[in-house]
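Here the structure is laid out as structure tokens; the discussion comes afterwards.
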Amino acid sequence: MTTDIGQWLGHLIGQVEGVQHRGRHARRQRLDVAPDALPALLELLQGKGSFVHLSAISCVDWPEDGQFELVYHVWSYELKTLVSAHIRIPREPGRYLSVYDIYKPAAFFERDIHEMYGVFFEGSPSMEKFILTEWDGPPPMRKEFDSENWVNDHFDWQDYHPDWLNDIESRGGGIAIRPDEQRFSRKAKHES
Amino acid sequence: MSDIDYKAKGSILNPLRTLSFFARKPVTMPLAPRVAAERYRGFHLNDWDKCVGCSTCQKVCDNAAITMVRVPGLPNDPVKGVRDMRPAIDYGRCCWCALCVDLCPTGSITLSREYVHTCTDDQLSSYFILPDPKGIHGQFLGQGWRKEADNDLVDHARQAMGEMTPAARIGNFAEMVNGYDRQQAILEASRCVQCGMCHDACPTHMHAPEYIRAIWQDDVEEAVRQIYRTNPFAHTCGRVCTHKCEDACSIGHTGEPIAIRWLKRYAMDSLAPERVAAIVAEQGKAAPSGRRVAIVGAGPAGLTAAFDLAMAGHRVIVYEALAQAGGMTRYGIPDYRLPQAMLDRDVAVITGLGVEIRYGVRIGTDVSMAELRRDHDAVLLAIGLQYGRSTRIPGSEHADVYRAVDLLREVSAGNPLDVPKQVLVIGGGNVAMDIARSLARLQKIRYGEVGVTVTALQALGEFPADREEIVEAGEEDIVILPSRGPQNVAIEDGKVIGLRTAAVVSLRDAEGRFAPTYDLDDVQFHPGSWVIEAIGQLSDAEAVLGSEVSEQVEWRRGRLATDANGRTSAPWLWTAGDVANGPDVVHAVADGHRVAADMHRFLNTLAEVMA
Amino acid sequence: MNVASLLVELVLMPLVAFVVGLAMVLMMRRIAARLQRRVGPPFFQPLFDIVKLYGKHTQTSHGLVHDLGIVMAVGGYIAAETMLPVPGMTGIADKGGLVVLAYVMMVPSLGLALGVGQCANPNGSIGISRALTAMLAYDVPFIIVIFGVAFHFGSSNLITIAAAQQAAGIAGWGVSQMPLLALAGLFALHGMLGKQPFEIYVAPAEIATGPMVEMSGKHMGGLFVMQCFQLYTAAVLYVTLFLGGGENWLSFLAKSFAVLAVPVSLAYLFPRYRTEDLVRLMWKWPTMIGLLGLAFLMH
Amino acid sequence: MTSLSDIPVIQTPPEAPARGGNPLANVFDDFIRYCRSRSLFMLHYCTGCGAIELPPAMTSRFDMERIGIQPMVTPRQADILLVTGYVSVKTLKRIILTYEQMASPKYVIGICSCTVNGGMYWQSYATAKKLNDYLPVDLYIAGCMPRPEAVIEGLKALRDNIEAGTSDNWKDYYQRYDHYLGNQQRLFGADWQTPTEVIAEAKHYGLFGPDTLGEHTRRLEDHRKPLEPLRMTLNAGRLEHME
Amino acid sequence: MRAENYQSRAQPPSHEYELNFGPNHPGIEGNYALKVRLHGDTVIDAKADGGYLHRGFEKLMEQRLWIQNIALVPRICVPDPAPMELAYSMAVETLCGLEVPARAQWLRVLQMELSRVAAHLFTFGGHAATTGMYSTMFWGVADRDLILDLFEELTGGRVYHIYNLPGGVRRDVPDGFLDRVSATLDYLESRLADYDNLFFTNQVFITRARGIGPMSQQQALELGVTGPNLRATGLAFDVRRDDPYLVYDQIEFDIPTETAGDAWARTLVRRAELKESIRILRQVVARLPGIPGPIRAPIPNPLAWNVPAGEYYSRVESSKGELAWYVVSTGGAKPWRTHIRGPSAMHAVQVLETLVQGCRLEDVAQIMFSLDACPPEVDR
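Residue numbers (UniProt numbering), protein chains in the order written: chain Y, 1 to 192; chain F, 1 to 611; chain V, 1 to 299; chain D, 1 to 243; chain H, 1 to 380.
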């Protein structure tokens, strides 16, 4: 079954340039696609290949390569196979074409990727924020965004002074991890 | 598909049947909280007697909810792998996933079936608790989730170490243990929970968690770097260390401890000597200080001190009476455990730092201590324990009654030995095993069969020797007779023909002092042509120091009196290694470091005074 | 009747109505609980709720009209209570009569509409427009029923109507005499109470309880009091019209609670109708039944 | 609009009304407090995952109504704000708005670990870590999430506290408004404002404390803008014709 | 009285007005918002507003060990957390090449289907409540609690089971557990008649639900609809059968479908699915005792577990639809990237926005609940 689909798929994508096919697990086929070729490929997959269901678009950040990887997971209800088309686009300026006119669900995923990674999709119906409407920091899913630092800058941790700890501290014991590893503050008690 | 048709109109009367619920009882539970299920994940419990304070729970915690707290007064023994720390839990973080339970090496942490805790804002400190067996409110409400075979995530089984079969190894001195390959080493390293018990237990506080992690990350260079932070005898320790670390390993509480020693060996073996030297050189040698240090004895302690002092920029000259460096590690440990080539690598790293070793120079004979003192700013005496103790039983002064260390030295030096078909070894320590197994090999080579009998005072379970040594000796057809005390060496026609032993009744008197008593009705005769005593060693410090210096310094119970840093009452003289502390490579290394640090301090003050 | 005893009655009748209304609220909530297989609130819960609401520190008012609206809502019902004869007390029942009562009973809804309108909360506005539509819907059968009853007994005086029924025994009760009108009345009663399936104007899932959305503190307390009165008024009116009114307190209360139990029980078995479904239903079945009953009556 | 400068800073909080020797003097207060503790309307707002254990607590199996608790859908009617677990920053704004709209006496219950010290999401850039930085919390219920029984035990504890008169942290919000506002500003920015004028309320109800005003309330005054009509934000294209 | 405390907001005069559904609104599922524009009672436009439940899961997971994430993932969808664990575990297993023992797979099916039953009961309750029928909600949630009792016994947690680990499950069934599962299933089946009387054949409800939020199959496919919502439009697609995982290929079950694609059809599909799940559970109960073996493949020390480099897109059928995880490993101790594709990401945003257009205000909440949208899945 898989090999058949593999062959069939190989035949199909022969019509588009810049596509590499790798058969993978059963029902999972991977295509590595040149960014230019993706819309044509998706149209082909949807039109001729019955891959009508866009399951998701995933974005992966590869800061060392200076690239974003966009993965389009499409599923065929007839062939019962999932094809993942991978493209790599430069991290800067991080722009790509929307596939909204091929797959409607793309609108959600593209907006999500725009919010989380800052990739702009031209032609997507809305690049307005949805989840992070009240967030003015950098796109948080980028690898260079350090969530823990941000948290330390914006929040305090709870202050605990239980009796047992006071007692242990008075006897010379106490918290035994390094202060920089400790994730709650132990400031002096409030003047109250 | 459905048994209700989409087009069905439904009924206005059907719902009225529900009015029958007027006659049915409510399903509401009583207001008081129910008893939770048997494996409920409620608040934490911690069995303080089982807990060793290893902090694995803190590491696996998703949420940094677990904090180790030092509780003064609890047992704290690094050698046994017990710390006086207990986990405290922040219920402002905890998600009750129970991973801390599943990964607890001792199984001390469990969860209770208690689940109600409320407090007002000013009582919020009650969210930070130190779990004990009673639970958050001091009232045990039943045991909930705990570790069972199903959910135990601790990796109990050690990677098997390949070694030569007894048949293959007995006829030669080739190293019998294969060492881990990369795959095995990574797997073995992955078992580590990074508790650091090994670090605490190690006499020289090796950074075992760090190098194990580096090995797991397949970064051998980093591992070597970590190893050399504390131990220049890395190859040696990777093979023959008494691995106190493994005894303390927290995985060892319920499984087999991590093979820390073999991992060290793997790291050292997998790197070419040049790379090792380069990594050591990375640490950077200090600028020459212009101070000169003399070290007597090129054993582990002396060379470790030499390593440290050389790194600190001092000029170090090591005086070694024998032809090669290594001391007991070379002349006391047989090749099948520690190939001399490996020891050479360790020594080469040290000499590579500019440490000069003058071989064949016996202080006290060739050069006097006074001269040494004159030419150097400080002197370190690290001569080890070179002389075997004698049992002093009748016949023990016979020429065919040997001390084990002397024989081992001969074996290691490669001198031919006229080993007889049947030998007897007295002693139950590692030295006894070493000589027994060495002689067994010589016998095998010479006669094709082994004829070694070991008698020891101790019962089998109490032998001072490592367990694996005893097992391996047994595998090599060596007869081991526990609980037998030597009575006399049987001599006939001026030749040794055997040894008489009596059964041991008790080893110690009422006060716990060493005073063996024997059952003289149970005397056995063990035939043999050689009797080898392996019951301990002595030093010849007095001979080395010379009478003049000997009189200057203080002595305590036959040993040089020193302060905690190994400094004797003479301000220029330090002592380290077996001669000062117990007979063990890693202790000697630790000693070397400690003394070198003190000497360095002294040399620095000297420099200031001069300036 | 002297002025003093009238005054006493005027005070006492709403008070009784309130107390009985509290019990009715409790009954309603206990019925809900039972059908939903649970225990339900404690006995004094309705009282606790009202006292608590009146005891709130913060009293958010949205202006004079807002306050006035609540006063109208509660006041309308208080006025209505004084026109509903109970055993031993008639208040101003003989002066008012059915027609006045019917008008007075619309006052609370209108008051609420005024008050809610002031809040400027769209949910409230939607709710109140739905409430007024619903009122239009159930008022049609209601008026038909009232007309029919008045026609039958030849009087719009509630005291007379009750007395006539009591005199003739069960056979003379409105329910025996005009079963169709009684049935239509039950529908109207259900609609008046605003319980499912006629609950669209509060619809928490859509408009967050509609008219109540901006009410808090004593305004909300006022609405809770109003609910007591509402349940009481509807039940007592039905009892007076169809079940022979109150011969004595025991039978009067028994009948009132029993009458109320019917729509209240049904309420927890049905979802709510949409507004247009509600209007359609009300103008169809109860109205038809009512008209039919009327036709029989007139025949 | 009342300006901040118009409001005199009262140095000492108003004294509690003197309690005379008459043992019946407080009967009325006690009665109201008792009713208050017996009738708690809970705001029906699911802020986080702990909300999943509230339906069981409300419905037949654990039936909260037994202790006089019922859900209410609008903040105006509610007495209890149940913060069920983590609050994202976006939600936190709504919670504060909601809280300020509730009529006092009002009570905040922090459920789950997340309201105390960040819980599972302690590293997350999106959630607030300590609820009591932003709102006065009356009661915490531990668990992730607490079972319905634990929730009910917590509510019972709150009930007892109210009856005993010890649960009045809502006053703290007025008396130390500057502190809460400061934390809110730190997270939401200096121009943060809510439609409710807390300071005016504090003045009105005699809850002015020495810490009601401070540097943060001054900043609030600097940034305060008149409330704008709701903007139609459905889509950008339609905005213009509304103006 | 405090007039100064309240300023009413001037509304621009318009025939059209906007209503906020949520985030604090009983008609919204969870903490989510829908802004609807109305003309009279008719919705002319709607816009979803998410992020109230955003926690940054995908970011958090990149900062935690593979095993630690097991505790994190169920929290993504609270009403139906079990499939999250499963999908994540399956992805890690595939990357590591771990072979899950048969018994573990059956135990997972047990967990999944119990979770599905619980989620559907919850949804019925919620759906009924949007139409004002609270009794169904009271019943549904109370009956769901019986399943939570089973979960508590099996996994130690009522809602967050944290029962799966990559490689298998954490605990085997306790003694007598399967009998209690059977008893609970018997009870639920006996209750179905009650539910039919009260709810599924309630004329008023059918009137309310039929024709509400209709969706053609074509439209559903275009919008990426999955799960019961897709099946209600006539396409018999179920990940359990068409992209099989666990041992679903050894289990007999039907895939119920309807064709109308409206709220009523979706309800009917869920009702039938509930029965199918009970059927599956009966098979599990019957066959589990005969399946020997460990319940977990050996896994390395969780603190030092490098998952081999690779990527996998694992899919499971949650009660709400197709749930997928894209997991990328670079061979490290922590995931490099995880992407969660919750079914509600489609249902709660584009589908909901589309379906409510032109509907009546009364039905907005009903449409959302009939889609069984779960906002935390959208926000993550």
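Glycine included, each C-beta is placed from N, C-alpha and C at the ideal position. Treat the numbers as computed from the prediction; the structure is a model and nothing was measured.
Next on the checklist: Below 7 Å on C-beta distance, what does Y:S84 contact in chain H?
Outcome noted: The contacting residues are Y313.
Next on the checklist: According to DSSP, simplified to helix, strand and coil, what is Y:P90?
Outcome noted: strand
Checklist entry - What are the start and end residues of the alpha helix (DSSP H) that includes F:Y228? => result Unbroken alpha helix (DSSP H) run through F:Y228: V220 to Y228.
Checklist entry - Since Y:S58 sits in a beta bridge, which residues does DSSP pair it with? => result Partner(s): Y:V71.
Checklist entry - What are the residues that DSSP puts in a beta bridge with Y:E122? => result Y:L97
Next on the checklist: So, with DSSP's three-state summary, where would you put Y:E169?
Outcome noted: Here Y:E169 sits in helix by DSSP.
Checklist entry - Is it a yes or a no for the region 96-105 of chain D touching the region 185-195 of chain D, going by three-plus beta-carbon pairs under 8 Å? => result yes
Item to check | Span of the alpha helix (DSSP H) around residue 209 of chain Y | outcome: Absent from the structure is residue 209 of chain Y, since the part of chain Y shown begins at 1 and ends at 192.
Checklist entry - How would you list, in chain order, the residues of chain D whose beta-carbon sits under 8 Å from the beta-carbon of V:L37? => result The sequence given here has Arg at residue 37 of chain V, not Leu. Result: S60.
Checklist entry - Y:R81 versus chain D: which residues are under 7 Å apart at the beta carbon? => result The residue asked about is misnamed: residue 81 of chain Y is Thr in this sequence, not Arg. In chain order: nothing, as chain D lies at least about 35 Å away.
Checklist entry - At a cut of 8 Å, does the region 235-249 of chain V reach the region 151-163 of chain V through at least three beta carbon pairs? => result yes
Checklist entry - Rounded C-beta distance between D:H223 and D:G182? I'm assuming under 8 Å. => result No, D:H223 and D:G182 are not in contact; Cβ-Cβ is about 13 Å, not under 8 Å.
Next on the checklist: Checking 8 Å against the spacing of the C-beta atoms, do F:Y127 and F:G92 come in under that value?
Outcome noted: yes
Checklist entry - Distance, Cα to Cα, F:T165 vs F:I470? => result 15 Å
Checklist entry - With 8 Å set as the bound, which would you pick, yes or no: does the beta-carbon of D:C35 sit closer than that to a beta-carbon of chain V? => result yes
Checklist entry - What runs of the alpha helix (DSSP H), each 4 residues or longer, lie entirely inside the region 191-270 of chain H? => result 203-209, 217-222, 228-231 and 239-242
Item to check | Nearest candidate by alpha-carbon position, reference residue 258 of chain D, set D:N169, D:D138, D:T127 and D:A190 | outcome: Outside the modelled stretch of chain D, which goes from 1 to 243, sits residue 258 of chain D, for which no answer is possible.
Next on the checklist: I'd like the span of the alpha helix (DSSP H) that includes F:P334, first residue to last.
Outcome noted: It is not in any alpha helix (DSSP H) - F:P334 carries neither H nor E in the DSSP assignment.
Item to check | Proximal chain F residues relative to V:R34, where beta-carbon distance stays under 9 Å | outcome: Near V:R34 (Cβ distances below 9 Å), the residues of chain F are F21, F22, R24 and P26.
Item to check | chain D contact for H:H161 (CB, 8 Å cutoff) | outcome: no
Next on the checklist: I believe V:L98 touches V:S156 by the beta-carbon criterion, under 8 Å. Please report the beta-carbon distance rounded to the nearest angstrom.
Outcome noted: 4 Å
Next on the checklist: Which of the three DSSP states is assigned to D:D133 in this structure?
Outcome noted: helix
Next on the checklist: Relative to the C-alpha of F:I445, which candidate in F:V316, F:D84, F:R158 and F:A167 has its C-alpha closest?
Outcome noted: F:A167
Checklist entry - Is it true that the CB of V:L101 sits closer than 8 Å to the CB of V:A80? => result yes
Checklist entry - Hey, Y:D61 and Y:Y100: beta-carbon distance below 8 Å or not? => result no
Next on the checklist: Per DSSP, what are the beta-bridge partners of H:I340 in this structure?
Outcome noted: H:W325
Checklist entry - Taking the alpha carbon of H:E62 as the point to measure from, which residue in Y:K143, Y:S126, Y:H86 and Y:A34 has its own alpha carbon closest? => result The shortest CA-to-CA distance from H:E62 to any of Y:K143, Y:S126, Y:H86 and Y:A34 is the one to Y:K143.
Checklist entry - Within the chosen definition, does the region 553-561 of chain F reach the region 367-379 of chain F through at least 3 CB pairs nearer than 8 Å? => result no
Checklist entry - Between which two residues does the alpha helix (DSSP H) harbouring Y:Q29 extend? => result Not the alpha helix (DSSP H): Y:Q29 falls in the beta strand (DSSP E), residues R28 to V33.
Next on the checklist: Give me, in chain order, the residues of the same chain whose beta-carbon lies closer than 7 Å to that of D:Q101; leave out the 5 immediate sequence neighbours on both sides.
Outcome noted: Hits under 7 Å: P75, R76 and T196.
Item to check | The beta strand (DSSP E) enclosing F:A88, as first and last residue numbers | outcome: M85 to D90
Next on the checklist: Against H:Y202, what residues of chain F qualify as contacts under a CB-to-CB distance less than 7 Å, listed in chain order?
Outcome noted: One detail in the question is off: residue 202 of chain H reads as Asn in this sequence, not Tyr. Ordered by position in chain F, the residues that pass the 7 Å Cβ test against H:N202 are G10, N14 and P15.
Checklist entry - If you count every other CB in all the chains shown that lies within 10 Å of the CB of F:I535, and 16 or more means buried, which is it? => result buried
Checklist entry - Is F:N415 buried or exposed, if buried means 16 or more other CB atoms sit within 10 Å of its CB? => result exposed
Checklist entry - Using a beta-carbon distance cut-off of less than 8 Å, what residues from the region 256-275 of chain V approach chain H? => result Y268, L269, F270, P271, R272, Y273, R274 and T275
Item to check | chain F contacts from the region 288-320 of chain H (Cβ-Cβ distance under 9 Å) | outcome: P294, I295, R296, P298, I299, P300, N301, P302, L303, A304, W305 and N306
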